[in-house]
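Take 3 as the starting number for the sequence shown in my numbering and just add one per residue.
Presented below is the structure to which this report refers.
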Amino acid sequence: MAEVVIVDTPEEAGAHVAGRIARLTRSKPEAVLGVATGSSPLPVYQQLRVMGTEGSLNLGKTTVFALDEYVGLPRDHRESYHSVISRELVEPLGLDPFRVHVPDGSLEGIEDAGERFESDIRAAGGIDLQILGIGSDGHIGFNEPGSSLASLTRIKTLTTRTRQDNARFFASPDEVPRHCITQGLGTILRARHLVLLAFGRGKAAAVAAALEGPVSAQCPASAMQLHPRTTVVLDEAAATELRNGAYYRYAWQNKPAWQEAE
Ligand code: F6R
């Protein structure tokens, strides 16, 4: 069963997850991090930047893999995931740009962009900790409902709902690209630790389906139930539809002392 942590605010969630990343990179400076874009991980990145400024975090040897990228959006477009990761993490934390990998969404070479990304992950030794957000339809990465549970990095068509959800980042909904390149569910499941963040009532149904529903391609995030090490960090609003919410709170508060967070 997933480790479920229910916190009061996204800031508290950010501090919690950033603390885990700091412990991981202290014990393994050359750790490999999987990072998501979208709004859910932003409090984590904010806290990592604070720790970087204070000098309590050094990601100089850390390798980073992004989950996904839009297809056909120029790399230097403000909303390309390459730009978002650079702005949020790479530049402020002084990460080595040669250790930062974002799936290549440029049209040239798109045919084998997925395979190249998979081979880069393998060459780095696999992902130690993968940060995830969840879509209101249960997607993780851009694996929309119906995605194969064994899928690897590949091109996908974005659903109308996801394009509408992401329209807030663009000047008009028509500007949201129609295709993306995303790590597959099989890629995500190979990471050694999955950490999903979700906030707000709008995520509650997807979170409940992911954690307590059947494992099904209809809720791609439910594939996380197949993973041996998953942490889900929620605020109260995102936890409202969990049948076992009271148990999750109880289990977290009564965690055995020997079971350290990392
Ligand atoms: C982003 C990604 C998506 C988002 C999801 C939730 O790299 O892979 O799966 O995590 O769409 O987005 P937010 O966090 O903006 O609600």
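Just so it is clear, CB atoms sit at the ideal spot from N, CA and C, and this is done for glycine as well.
These numbers come from a predicted model, not from an experiment.
Subject >> Those runs of the beta strand (DSSP E) which lie wholly inside the region 163-226 and span at least 3 residues >> reply: 181-184 and 196-200
Subject >> Whole-number beta carbon distance between G148 and A208, since they are thought to touch under 8 Å >> reply: Numbered from 1 along the sequence shown, position 206 holds the residue referred to as residue 208. Numbered from 1 along the sequence shown, position 146 holds the residue referred to as residue 148. So it is not a contact: roughly 15 Å between Cβ atoms.
**OP:** Leaving out five residues on either side along the sequence, give the residues of the same chain with a beta carbon under 7 Å from the beta carbon of L191.
**Re:** Your numbering for residue 191 matches position 189 in the sequence shown. So the list reads A225, L228 and H229, once near-sequence residues are dropped.
Subject >> Cβ-heavy atom distance, T164 to the ligand F6R, below 8 Å >> reply: Taking the sequence shown and counting its residues from 1, one reaches residue 164 at position 162. At least one heavy atom of the ligand F6R is nearer than 8 Å to the Cβ of T164, so yes.
Subject >> Among S41, E13, V7 and N60, the one whose alpha carbon lies nearest that of I23 >> reply: Mapped onto the sequence shown, residue 23 falls at position 21. That would be N60, whose Cα lies nearest to the Cα of I23.
Subject >> Residue burial classification, V217 (beta-carbon count within 10 angstroms, cutoff 16) >> reply: As a working note, residue 217 is residue 215 in the sequence shown. Classification of V217: exposed, given that the 10 Å Cβ count is below 16.
Subject >> Cβ pair V19, V52 closer than 9 Å >> reply: Indexing the sequence shown from 1 puts residue 19 at position 17. Indexing the sequence shown from 1 puts residue 52 at position 50. Not closer than 9 Å, so no.
Original post:
So, using beta-carbon positions, are T233 and E5 closer together than 9 Å?
Top reply: For the purposes of this step, residue 233 is identified with residue 231 of the sequence shown, where counting begins at 1. For the purposes of this step, residue 5 is identified with residue 3 of the sequence shown, where counting begins at 1. Yes, Cβ-Cβ distance for T233 and E5 is below 9 Å.
Subject >> Span of the beta strand (DSSP E), counted from its first residue to its last, around D237 >> reply: Along the sequence shown, one-based indexing puts residue 237 at 235. Counting along the chain, the beta strand (DSSP E) containing D237 begins and ends at T232 to D237.
Subject >> Assigned exposure category for G100 - 16 Cβ within 10 Å defines buried >> reply: Counting from 1 along the sequence shown, the entry for residue 100 is found at position 98. Sequence check: residue 100 is Phe here, not Gly. By the neighbour-count rule (16 or more Cβ atoms within 10 Å), F100 is not buried but exposed.
**OP:** Report the rounded CA-to-CA distance for Y249 versus R118, giving the unit in angstroms.
**Re:** Here residue 249 refers to the residue found at position 247 when the sequence shown is read from its first residue. Here residue 118 refers to the residue found at position 116 when the sequence shown is read from its first residue. Rounded to whole angstroms, Y249 to R118 spans 42 Å at the Cα level.
Original post:
Is any heavy atom in the ligand F6R found nearer than 8 Å to the beta carbon of S42?
Top reply: Walking along the sequence shown from the start, residue 42 turns up at place 40. Within the cutoff, so yes.
**OP:** Flag N246 as yes when its Cβ comes closer than 8 Å to any non-hydrogen atom of the ligand F6R, and as no otherwise.
**Re:** If you number the sequence shown from 1, residue 246 lands on position 244. No, the ligand F6R has no heavy atom inside 8 Å of this Cβ.
**OP:** Flag this pair as touching only if the region 195-204 and the region 127-145 have three or more C-beta atom pairs under 8 Å; answer yes or no.
**Re:** yes
Original post:
For E13, which three-state DSSP category applies?
Top reply: As a position in the sequence shown, residue 13 is number 11, starting the count at 1. Reduced to three states, the DSSP call for E13 is helix.
Original post:
Within the present structure, is the beta-carbon of A68 separated from the nearest heavy atom of the ligand F6R by less than 8 Å?
Top reply: Reading the sequence shown from its first residue, position 66 is the one you call residue 68. Answer for A68: yes, Cβ within range of the ligand F6R.
Subject >> Identity of the residue in A152, D167 and A240 nearest G202 by Cα >> reply: For the purposes of this step, residue 202 is taken as residue 200 along the sequence shown, with counting starting at 1. Out of A152, D167 and A240, A240 has the C-alpha closest to the C-alpha of G202.
Subject >> Contacts around L109, its chain only, beta-carbon distance under 7 Å, and the 5 residues preceding and following it disregarded >> reply: What you label residue 109 is simply residue 107 of the sequence shown in a count that begins at 1. Once the five neighbours on either side are set aside, the close Cβ partners of L109 are G74.
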